[in-house]
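Visitor:
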Amino acid sequence: MCGIIGYIGKRNPVEILIEGLKKLEYRGYDSAGIALKGNDIEVIKSVGKISNLEDKINNSNIIDSNIGIAHTRWATHGEPTEINAHPHTIGNITLVHNGIIENAKELKEKLQNKGIKFNTSTDTEVVAALIDYYYKGNTKEAIEKAIKELKGSYALAIINKDEDKLYAVRCESPLILGIGEEEYFVTSDIGAILPYTKNYVLLGENEIVTLSKDNYIIEKDDTKVFRKVEISNLSIEDTSLNGYDHYMMKEINEEPILVDNLVKKYINNIDKLPDLKKYKNIHIVGCGSAYYAGMIGKYLFEDDGIKVECDVASEYRYRNIIYDKDTLVILISQSGETADTIAAMRKANDSQVDTLAIVNVESSTIERESTYSVLIEAGKEIAVATTKAFILQVLILSLLSYKINPDDKYKEDIKKLPQQLKVLLDKTGFYKKLADSIYKHEDVFFMGRKVDYAISMEGSLKLKEVSYIHSDSYQAGELKHGTISLVNEGTIVFAIVTDDEIRDKTISNLEEVISRGAKPIYVGNVDVNYEDKIIIPKVHKKLQPILAVPPLQMIAYFVALKRGCDIDKPKNLAKSVTVE
Ligand code: F6R
0 MCGIIGYIGK RNPVEILIEG LKKLEYRGYD SAGIALKGND IEVIKSVGKI
50 SNLEDKINNS NIIDSNIGIA HTRWATHGEP TEINAHPHTI GNITLVHNGI
100 IENAKELKEK LQNKGIKFNT STDTEVVAAL IDYYYKGNTK EAIEKAIKEL
150 KGSYALAIIN KDEDKLYAVR CESPLILGIG EEEYFVTSDI GAILPYTKNY
200 VLLGENEIVT LSKDNYIIEK DDTKVFRKVE ISNLSIEDTS LNGYDHYMMK
250 EINEEPILVD NLVKKYINNI DKLPDLKKYK NIHIVGCGSA YYAGMIGKYL
300 FEDDGIKVEC DVASEYRYRN IIYDKDTLVI LISQSGETAD TIAAMRKAND
350 SQVDTLAIVN VESSTIERES TYSVLIEAGK EIAVATTKAF ILQVLILSLL
400 SYKINPDDKY KEDIKKLPQQ LKVLLDKTGF YKKLADSIYK HEDVFFMGRK
450 VDYAISMEGS LKLKEVSYIH SDSYQAGELK HGTISLVNEG TIVFAIVTDD
500 EIRDKTISNL EEVISRGAKP IYVGNVDVNY EDKIIIPKVH KKLQPILAVP
550 PLQMIAYFVA LKRGCDIDKP KNLAKSVTVE
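So this is what it looks like as structure tokens:
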């Protein structure tokens with residue numbers, strides 16, 4: 000994880016780097032740091048949010064400079080302390096790093112045996128030491144030699160105290176080169192440089208870019224590489240709060256329009272989506288919410304008569320999967336860069352079965368390397384907790400299912416979704432009131448059967464990750480096999496009940512917990528006689544989850560707000576999990 004940004008050009012880089020880091024903060028926010036190259040190199044670091052680093056910089060006399068690199072960290076090797084924060088310097092070399100060096104320990108021992116001293120327990124300092132070790136007057140050559148010895152993932156932005164240059168290289172971690180007017184940027188995410196340029200170049204693995212103030216050269220193994228300049232279709236508004244207090248709320252409120260866009264794009268042009276009818280087996284793989292979207296997909300495709308397995312990517316990649324030749328592996332990922340999901344995709348690709356990516360980020364690793372891909376077109380999602388991307392992942396799965404088994408009712412109902420979502424999301428007063436009754440609790444349970452279980456898993460994850468309330472979700476029939484002993488007088492239990500076929504069963508299970516003191520919150524499409532209930536419109540079965548989840552997202556938001564949590568950047572998390 001971690002976010003990096005580098006600048007070389009005509010301006011003083013401090014503001015560009017700090018504002019860029021703020022846009023990258025979703026990638027990690029344990030600590031941050033900046034290095035500026037003037038006559039000398041100045042490094043400033045601080046623990047915690049970017050605002051701490053900004054305060055520190057505002058209170059120091061910083062050097063004159065036109066070159067700088069900066070980093071926001073999600074700790075992997077070494078605690079989130081100031082000393083472990085990036086940039087790291089050894090000898091001539093100062094660098095920032097996103098990724099994990101798996102052989103850092105061996106490399107460190109080798110360098111220590113040569114008399115090199117280390118100040119931190121980070122893998123990044125080892126990279127700086129290795130490049131410095133090979134530096135004999137040519138930085139690019141030193142980087143080239145060093146990366147040949149690295150195992151793991153890295154995106155690096157590097158400066159040398161004796162040169163007015165900036166270097167960058169990547170392997171498995173994202174890094175792009177931004178091209179401005181007489182200025183260049185390197186960054187983990189285009190969003191960090193949108194105020195200055197929309198032009199960018201995707202760097203291939205182990206291609207080293209050397210940037211000076213007036214040109215750039217990309218090379219791999221001493222050969223020049225020419226890469227197309229792409230133009231991002233993101234706008235600055237995509238990355239601004241637009242009047243909302245939090246990105247999470249902004250992004251939830253984008254759901255109606257984004258759903259409308261995708262519906263209009265596909266419902267009368269369903270041929271634009273891949274046809275899954277030809278597959279006998281489908282494996283769906285993702286992490287966290289993307290996995291829960293996949294679970295919803297499993298129920299949809301099973302109803303279409305296809306055999307489906309759904310796995311979390313970190314398990315799938317290590318399982319002994321027996322592939323039949325008519326198997327499709329669907330990879331679901333907002334970022335398209337989740338390390339475990341990438342590994343699952345490569346495993347399937349290596350086994351010669353088709354892969355289909357359902358992703359948000361165009362040109363991300365998963366999008367590029369899968370056999371087929373469908374973009375969910377959510378725009379930039381900044382809040383760490385996914386909301387709109389989840390809804391659009393489910394929408395694409397639902398459209399794929401409709402393509403297998405089309406029917407008129409679906410076509411009618413899908414067009415109503417945007418308006419129904421809007422009405423549901425407008426009930427903020429109602430969600431706030433429910434949140435008032437929840438926020439003091441320390442344990443909350445969710446339950447549901449079949450697709451309602453998948454919905455309840457997502458509702459539970461959303462609540463716990465943003466509000467820090469312990470919350471668990473169970474298959475409704477399973478509670479009485481153990482967990483029911485945790486139900487006390489007043490324990491809140493959400494029951495998700497949207498599937499007609501098992502409605503009565505889930506209601507019976509809800510009654511079981513009510514008779515043991517639980518306070519129920521019913522989420523369903525049929526009105527019932529419970530005090531706390533969220534009634535959603537009844538729509539085609541394949542669309543129902545799209546209306547059931549947004550109210551749960553709203554409740555999670557308002558509970559977190561009441562508890563004073565850092566809603567967009569919950570503790571210990573990062574948006575893009577690019578490490579195993
Ligand atoms: C939860 C959340 C995570 C992600 C997961 C996968 O709100 O956002 O569980 O869904 O880390 O990320 P992507 O979709 O980028 O692969």
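For the sequence shown, numbering that gives the first Met the number 0 begins at 0 and goes up steadily by one.
Where is the CB? At the ideal position from N, CA and C, for every residue including glycine.
Just so it is clear, the structure is predicted and the values come from calculations on it, not from any experiment.
Give, in chain order, every unbroken run of the alpha helix (DSSP H) that is at least 4 residues long and sits entirely within the region 206 to 286.
Guide: List check, alpha helix (DSSP H) in window: 246 to 252 and 254 to 265.
Visitor: The beta strand (DSSP E) that contains R345, what's its start and end?
Guide: No beta strand (DSSP E) holds R345; the alpha helix (DSSP H) holding it covers A338 to D349.
Visitor: Y246 to E108, Cα distance in whole Å?
Guide: 44 Å
Visitor: Shortest alpha-carbon distance to T121 belongs to which of P86, I92 and K306?
Guide: Measuring from the Cα of T121, the nearest candidate turns out to be P86.
Visitor: For Y317, which of A343, E336 and L327 has the nearest alpha-carbon?
Guide: Ranked by Cα distance from Y317, the first of A343, E336 and L327 is A343.
Visitor: Can you give me the start and stop residues for the alpha helix (DSSP H) that S459 sits inside?
Guide: V450 to S466
Visitor: For A356, which option in D349, G151 and T340 has the closest C-alpha, if you only look at C-alpha atoms?
Guide: T340
Visitor: Using CA atoms only, rank isn't needed, just tell me which of G287, I365 and K36 is closest to L572.
Guide: G287
Visitor: State whether the region 205 to 218 contacts the region 19 to 28, with contact taken as three or more CB pairs (one from each stretch) at a distance under 8 Å.
Guide: no
Visitor: Quick check on the burial criterion: 16 or more other C-beta atoms within 10 angstroms. Buried or exposed for E105?
Guide: exposed
Visitor: For the region 414 to 427 and the region 562 to 578, state whether three or more C-beta atom pairs, one from each stretch, are separated by less than 8 Å.
Guide: Contact between the region 414 to 427 and the region 562 to 578 is absent, because fewer than three Cβ pairs lie under 8 Å.
Visitor: Can you look up S372 in the DSSP assignment and give me helix, strand or coil?
Guide: Three-state result, S372: strand.
Visitor: Which partner residues of N102 appear in the DSSP bridge assignment?
Guide: In DSSP, N102 forms no bridge with anything.
Visitor: Does the beta-carbon of S332, which I'm using as the reference point, lie nearer than 7 Å to any heavy atom of the ligand F6R?
Guide: yes
Visitor: State whether the region 344 to 354 contacts the region 387 to 397, with contact taken as three or more CB pairs (one from each stretch) at a distance under 8 Å.
Guide: no
Visitor: Less than 7 Å between the CB of S288 and some heavy atom of the ligand F6R, yes or no?
Guide: Between the ligand F6R and S288, a heavy atom-to-CB distance of less than 7 Å is present.
Visitor: Within its chain, find whatever has a CB closer than 8 Å to the CB of P194; leave out the 5 residues flanking it on each side and keep chain order.
Guide: Correct list, in chain order: E18 and I235.
Visitor: Measuring alpha carbon to alpha carbon, tell me which of D39, C1 and I66 ends up nearest V13.
Guide: I66
Visitor: What does DSSP give as the partner residues of K36 in its beta bridges?
Guide: I40 and I66
Visitor: Output needed for G293: all residues of its chain with C-beta closer than 6 Å, excluding positions within five of it in sequence on either side, in chain order.
Guide: I283, G285, C309 and I331
Visitor: Between L420, G335, K479 and I403, which lies nearest to D270 when the distance is taken from Cα to Cα?
Guide: D270 has its Cα closest to that of I403, out of L420, G335, K479 and I403.
Visitor: Going by the DSSP bridge assignment, what does V393 pair with across the sheet?
Guide: DSSP output for V393 lists no bridge partner at all.
Visitor: Any heavy atom of the ligand F6R closer than 7 Å to the Cβ of L420?
Guide: no
Visitor: Mind checking who H440 pairs with in its DSSP beta bridge?
Guide: Looking at the DSSP assignment, H440 forms no beta bridge with any residue, so it has no partner.
Visitor: Could you spell out where the beta strand (DSSP E) holding T354 opens and where it closes?
Guide: D353 to V358
Visitor: Under DSSP, the alpha helix (DSSP H) around R169 begins and ends at which residues?
Guide: Careful: R169 lies outside any alpha helix (DSSP H), inside the beta strand (DSSP E) at L165 to C170.
Visitor: Would you mind stating whether D531 and P519 have Cβ atoms separated by less than 8 Å?
Guide: yes
Visitor: Where does Y199 fall in DSSP's three states?
Guide: strand
Visitor: Can you say whether Y401 is buried or exposed, counting buried as having 16 or more other CB atoms within 10 angstroms of its CB?
Guide: buried
Visitor: Assign S172 to buried or exposed, taking buried as 16 or more other Cβ atoms, counted over all protein chains shown, within 10 Å of its Cβ.
Guide: buried
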